[in-house]
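Structure, as structure tokens:
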Amino acid sequence: MILTKLFNIVILLLVFAKQIRADEYTVLIDPGHGGEDNGATAIVGERVINKKKFADYVFEKNFTLEISQLVQAKLKDKKYKAYLTRSFDRTVTLQERAAMAEKLNPDLIISIHINSSESKASHGIETYYLDNHSDLVVKKVEEIENKNLTGEDLVVQQIIIDLVIERTGKSSQRLSNFVHNEIIKKIGRNYKMTDRGARPGLFYVLALSKRPGILLEAGFMSNPEELAKMSSKKFKDDYANAIVAGIDRYFFGGPSSSLPLL
């Protein structure tokens with residue numbers, strides 16, 4: 049009886065301490081795309097107006113904003129400092145996202161995206177952390193997410209990437225493992241979505257932030273079955289809960305993630 053009471057007291061103290069500690073951390077959440085940049089698109093039906101047929105589209109930018117707002121609210125409930133790179137549908141350049149990271153000095157950045165492919169059969173959940181690689185499949189994803197950078201910018205950003213990888217690579221990989229594992233537990237199994245893994249990728253939104261961070265691809269908009277799942281409020285809420293659980297594990301569930309920033 050006494051041991052049970054002591055155990056309960058210890059648990060309460062740990063929970064309270066966790067809430068206090070969470071207040072020490074800042075998370076920047078990046079809803080992918082926005083404004084003029086719709087991101088991935090999908091047709092979900094059609095309307096008839098004056099006897100003319102018009103396709104009904106859904107846009108990645110709206111999915112990412114909804115999920116990001118849920119993540120922010122849930123993090124704030126846990127006493128984290130949580131910010132968004134955009135809180136409504138507007139265009140935000142990679143440089144502007146980087147400037148926000150520089151101003152807020154977050155402990156980590158979470159960039160949220162929805163995948164797409166030329167094939168409707170492509171499916172599954174992916175998580176990326178910043179690192180060099182030679183995976184041709186990943187390079188196709190990079191081309192989509194980095195499409196606004198060309199020429200000299202790419203050369204400069206590659207130099208930045210190498211420096212950031214050296215400083216934050218281990219923390220980013222550790223973060224990706226924690227968050228991805230929570231997503232697979234809460235989303236992959238319950239929604240029967242394939243685990244495509246946590247893998248390295250060269251994404252400039254992560255490099256420019258100069259902080260530990262990950263880029264999430266929640267599923268494929270180009271896959272009608274996955275699009276239907278991702279469109280539900282429950283999916284978005286469950287996905288946001290998984291991200292927050294992974295962040296909790298990153299800060300409180302393992303060895304120190306402290307690494308020097310640029």
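Residue numbers (this note's numbering): 49 to 310. All C-beta atoms in this analysis are idealised placements derived from N, C-alpha and C, irrespective of residue type, glycine included.
### Task
Sort out for me which residues DSSP pairs H161 with in a bridge.
Translated into the one-based positions of the sequence shown, residue 161 becomes position 113. Bridge partners of H161: E265.
### Query
Could you give the uninterrupted runs of the alpha helix (DSSP H) lying entirely in the stretch 111-159, keeping only those of 4 residues or more?
Taken in chain order, the whole alpha helix (DSSP H) runs of length 4 or more contained in the stretch 111-159 are 142-152.
### Message
Does L76 come out as helix, strand or coil in the three-state DSSP assignment?
### Response
For the purposes of this step, residue 76 is taken as the residue at position 28 of the sequence shown. In the three-state DSSP reduction, L76 falls in the strand class (E or B).
### Query
Could you give the residue range of the alpha helix (DSSP H) that holds F299?
In the sequence shown, the residue the question calls residue 299 occupies position 251. Note, F299: alpha helix (DSSP H), K281 to F300.
### Query
For D179, which of helix, strand or coil comes out of DSSP?
Residue 179 sits at position 131 when you count from the first residue of the sequence shown. If DSSP states are grouped into helix, strand and coil, D179 belongs with coil.
### Message
Taking 8 Å as the limit between beta carbons, can you name the residues of its chain near I162, skipping five residues before and five after?
### Response
For the purposes of this step, residue 162 is taken as residue 114 along the sequence shown, with counting starting at 1. These residues qualify, in order along the chain: G80, G87, A88, E108, F111, T112, E265, A266, G267, F268, M269 and M278.
### Query
Touching or not, the stretch 234-242 and the stretch 288-300, by the rule of three or more beta carbon pairs under 8 Å?
Yes, they touch.
### Query
Should the stretch 146-159 be regarded as contacting the stretch 120-138, the criterion being three or more beta carbon pairs within less than 8 Å?
Touching, yes.
### Task
Mind checking which residues open and close the alpha helix (DSSP H) that includes K277?
For the purposes of this step, residue 277 is taken as the residue at position 229 of the sequence shown. Segment P272 to M278, the alpha helix (DSSP H) holding K277.
### Query
Cα separation between N271 and A103?
The count along the sequence shown starts at 1 and reaches residue 271 at position 223. The count along the sequence shown starts at 1 and reaches residue 103 at position 55. If I take the Cα positions, the gap works out to 17 Å.
### Message
For the alpha helix (DSSP H) containing Y105, name the first residue and the last one.
### Response
What you label residue 105 is simply residue 57 of the sequence shown in a count that begins at 1. No alpha helix (DSSP H) holds Y105; the beta strand (DSSP E) holding it covers K100 to F107.
### Task
Determine the direct distance from the alpha carbon of I77 to that of F251, and round the result to whole angstroms.
Position 203 of the sequence shown, counted from the start, is the residue given in the question as residue 251. Position 29 of the sequence shown, counted from the start, is the residue given in the question as residue 77. Roughly 15 Å separates the two Cα atoms.
### Query
Taking the alpha-carbon positions, what's the R247 to A293 distance?
Start at 1 with the first residue of the sequence shown, and residue 247 comes out as number 199. Start at 1 with the first residue of the sequence shown, and residue 293 comes out as number 245. The straight-line gap from Cα to Cα measures roughly 19 Å.
### Query
How about R222: is its C-beta nearer than 8 Å to some C-beta of chain B?
In the structure shown, chain B cannot be found, because there is only a single protein chain.
#### Entry: Identified DSSP bridge partners for E174
Counting from 1 along the sequence shown, the entry for residue 174 is found at position 126. Paired residue(s): E265.
### Message
Taking a contact to mean a Cβ-Cβ separation below 8 Å, would you say Y176 touches Q221 in this structure?
### Response
As a first step, residue 176 is located in the sequence shown; it is residue number 128 there, counting from the start. As a first step, residue 221 is located in the sequence shown; it is residue number 173 there, counting from the start. Result no, Cβ atoms of Y176 and Q221 do not sit closer than 8 Å.
### Query
Going by C-alpha distance, which of P260, G217 and G82 is nearest L142?
In the sequence shown, residue 142 corresponds to position 94, counting from 1. Ranking P260, G217 and G82 by Cα distance to L142 puts G82 first.
### I173 burial status per 10 Å Cβ neighbour count (16 or more: buried)
Here the question's residue 173 lines up with position 125 in the sequence shown. So I173 counts as buried.
### Task
Indicate whether T74 and D155 have their beta-carbon atoms separated by less than 8 Å.
In the sequence shown, residue 74 corresponds to position 26, counting from 1. In the sequence shown, residue 155 corresponds to position 107, counting from 1. Between T74 and D155, the C-beta gap is smaller than 8 Å, which places the two residues in contact.
### Query
Any idea which residues DSSP pairs A255 with across the strands?
Start at 1 with the first residue of the sequence shown, and residue 255 comes out as number 207. A255 is not bridged to any residue.
### Task
In the DSSP assignment, find the beta strand (DSSP E) that holds G245 and state where it starts and stops.
Residue 245 sits at position 197 when you count from the first residue of the sequence shown. Residues D243 to G249.
### Inter-residue Cα distance where the pair is E72 and D137
For this step, residue 72 is matched to residue 24 along the sequence shown. For this step, residue 137 is matched to residue 89 along the sequence shown. So the alpha carbons of these two residues sit roughly 29 Å apart.
#### Entry: Residues that DSSP places opposite E166 in a beta bridge
Residue numbering aside, residue 166 sits at position 118 when the sequence shown is read from its first letter. DSSP lists no partner for E166.
### Task
Can you tell me which of the three DSSP states E94 falls into?
The sequence position of residue 94 within the sequence shown is 46, counting from 1. Looking at E94 - three-state DSSP - the assignment turns out to be strand.
#### Entry: Spatial neighbours of L152 in its chain, beta-carbon cut-off 7 Å, leaving aside the 5 residues before and after
Looking up residue 152 in the sequence shown gives position 104. For L152, where only same-chain residues beyond five positions count, the Cβ hits under 7 Å are T74, L76 and Y131.
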